[in-house]
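Encoded as structure tokens, the structure appears first; notes follow it.
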Amino acid sequence: MERAAVVAGLGGWVPPTIVTNDQLAGVLDTSDEWIRRRTGIRERRWVSPGQSTGDLAVEAGRRALSSAGLEDVDAVVLATSSPDRHCPATAPEVATRLGLGPVPAFDVAAVCTGFVYALATGAGMVALGAARSVLVIGADAFSTLLAPDDRSTRVIFGDGGGAVVLRTGSPTEPGALTGLNLGSDGSLSDLIEVPAGGSRQRSTGLPAKTEDTYFTMQGQAVYAQAVRRMAESVKETARRTGWDPAEIDRFVLHQANARILEAVARRLGLPPERFLSNIEVRGNTVAASIPLALADGVASGELRPGHKVVLAGFGGGLTWGSMALVWPRLAPPATASAEPAVASAGADPGPP
Ligand code: UT7
40 MERAAVVAGL GGWVPPTIVT NDQLAGVLDT SDEWIRRRTG IRERRWVSPG
90 QSTGDLAVEA GRRALSSAGL EDVDAVVLAT SSPDRHCPAT APEVATRLGL
140 GPVPAFDVAA VCTGFVYALA TGAGMVALGA ARSVLVIGAD AFSTLLAPDD
190 RSTRVIFGDG GGAVVLRTGS PTEPGALTGL NLGSDGSLSD LIEVPAGGSR
240 QRSTGLPAKT EDTYFTMQGQ AVYAQAVRRM AESVKETARR TGWDPAEIDR
290 FVLHQANARI LEAVARRLGL PPERFLSNIE VRGNTVAASI PLALADGVAS
340 GELRPGHKVV LAGFGGGLTW GSMALVWPRL APPATASAEP AVASAGADPG
390 PP
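FYI, in my numbering the residues of the sequence shown are 40 to 391.
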């Protein structure tokens with residue numbers, strides 16, 4: 040019988056420190072009004088001093104394992120672009136801290152598409168029979184990469200972790216992942232970058248300029264690419280899954296900007312209510328964005344068993360990707376992070 044990777048557990052976690060727009064407006068030339076109007080963000084969580092991506096990943100992973108009713112998995116895949124250290128990968132330490140033993144554990148770096156790439160990697164291991172269960176985590180502490188005086192990036196990003204457990208199952212059961220579509224365009228790699236700190240800069244033997252050690256993004260160009268690539272990827276995943284886009288109940292897209300979600304909905308000619316959004320209180324949490332939106336969606340009741348769901352990510356690289364599944368019935372706790380944070384209008388009653 041054909042094997043499939045099936046979502047069997049879900050968890051999310053954000054650090055306790057809330058940073059409001061007004062707090063940022065107190066130290067940067069910005070305003071609550073600008074941030075809300077241009078991004079839809081009201082507040083975000085940031086790690087406190089000494090807290091790291093690995094800490095976020097452990098908390099999210101623990102909740103996903105608990106939701107799956109498992110204490111062990113055969114592998115850990117961690118999507119992150121803000122690892123605890125440049126070397127080694129963060130995943131092995133996360134696996135050890137979760138008490139998972141000497142399982143294979145590695146990081147996947149695809150910035151805001153990282154979770155979809157990690158999900159594809161975990162699903163591939165299951166489909167190959169290389170693992171019966173995989174913990175797939177997306178976690179980023181991107182606040183640590185932002186220049187203290189850069190209003191254009193500082194207002195957007197939040198920190199967090201989200202995770203799912205994949206187990207071996209059948210392609211026809213709820214939770215089975217399908218319709219994978221991934222892509223990249225390295226000719227636009229400069230649109231989203233941390234210029235210094237990698238081998239290209241270090242091999243010069245010259246010290247990095249401080250401003251080059253921070254994250255930079257060409258916002259408008261990225262915005263246009265995000266809308267185009269996510270809309271195309273969603274359509275391709277729907278085609279590969281054999282679904283008409285109109286019959287898809289929920290779209291769980293990377294939460295980069297509320298206006299991007301609306302623009303993708305418009306481009307696809309679909310009701311915006313079907314696009315889950317927690318960006319108001321989470322901000323852009325990079326690799327954690329999609330699993331956190333899933334966890335918040337389940338907690339708020341916006342995402343329910345039986346919904347036809349498409350996940351889609353877009354980010355630095357450039358990279359993009361989508362997958363589809365029928366949402367399964369999962370045991371709580373789907374999220375223990377904080378209050379449910381999904382703000383979709385809820386006008387759409389979903390599937391029967
Ligand atoms: O997660 C990976 C993928 N990332 C994305 O998809 C992000 C995509 N991009 C965006 O979401 C938006 O481009 C941003 C939210 C980053 C920026 O919004 P925008 O509407 O595209 O603004 P803009 O960059 O065109 O800037 C418009 C103005 C500029 O001022 P001038 O030159 O018109 O005088 C900026 O300097 O807004 C200014 N500005 C700000 N003003 C107040 C930029 N950031 C801020 C700020 N507060 N925080």
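Just so it is clear, CB atoms sit at the ideal spot from N, CA and C, and this is done for glycine as well.
Taking 7 Å as the cut-off, does the CB of S191 come closer than this to any heavy atom belonging to the ligand UT7?
yes
What three-state label does DSSP hand R343 in the structure shown?
coil
Presumed contact (8 Å Cβ cut-off) between A170 and D198, rounded CB distance
Contact flag wrong, Cβ pair sits at about 28 Å.
If you measure between the beta carbons of A297 and G79, is that distance less than 8 Å?
yes
Looking at L139 and V115, is the spacing between their C-beta atoms short of 8 Å?
Cβ atoms of V115 and L139: closer than 8 Å.
Rounded to a whole number of angstroms, what is the C-alpha to C-alpha distance between E312 and R83?
So the two alpha carbons sit approximately 22 Å from each other.
Counting C-beta neighbours from all protein chains within 10 Å, is the total for V66 16 or more, i.e. buried, or is it exposed?
exposed
G385: buried (16+ other C-beta within 10 angstroms of its C-beta) or exposed?
The predicted position of G385 is uncertain, since its pLDDT is 30 and thus under 50; a value taken from the coordinates is nonetheless stated next. Burial state of G385 is exposed, judged by a 10 Å Cβ sphere holding fewer than 16 other Cβ atoms.
When every heavy atom of the ligand UT7 is checked, does at least one fall within less than 7 Å of the C-beta of I176?
no
Of the residues R268, Q257, K347, A260, which one's Cα is nearest the Cα of A285?
K347
Endpoints, alpha helix (DSSP H) assigned at W73:
71-78 is the extent of the alpha helix (DSSP H) around W73.
According to DSSP, residues forming a beta bridge with N220
S361
Only counting the same chain, and skipping five residues up and downstream in sequence, which positions put a Cβ closer than 7 Å to that of G352?
C151, T152, F154, V155, H293, I329, W359, G360
Give a single yes or no on whether M256 has its beta carbon closer than 7 Å to a heavy atom of the ligand MN.
Among the ligands present in this structure, namely the ligand UT7, the ligand MN is not found.
I'd like to know whether the C-beta atoms of T255 and E232 end up nearer to each other than 8 Å.
Result yes, Cβ atoms of T255 and E232 sit closer than 8 Å.
Using beta-carbon positions only, say whether G168 and T129 come within less than 8 Å of one another.
no
N60: beta carbon under 7 Å from a heavy atom of the ligand UT7?
No, the Cβ of N60 stays beyond 7 Å of every heavy atom of the ligand UT7.
Between the Cα of P127 and the Cα atoms of F145, L137, P310, which residue gives the shortest distance?
F145
Taking the beta carbon of D399 as the centre, do at least 16 other beta carbons fall within 10 Å, making it buried, or is it exposed?
Any answer about residue 399 is impossible in this case: the structure gives the chain only from 40 up to 391.
Run the CB neighbour count on T276, radius 10 Å, all protein chains shown included, and call it buried at 16 or more, exposed below.
Here T276 is buried, its C-beta having at least 16 other C-beta atoms within 10 Å.
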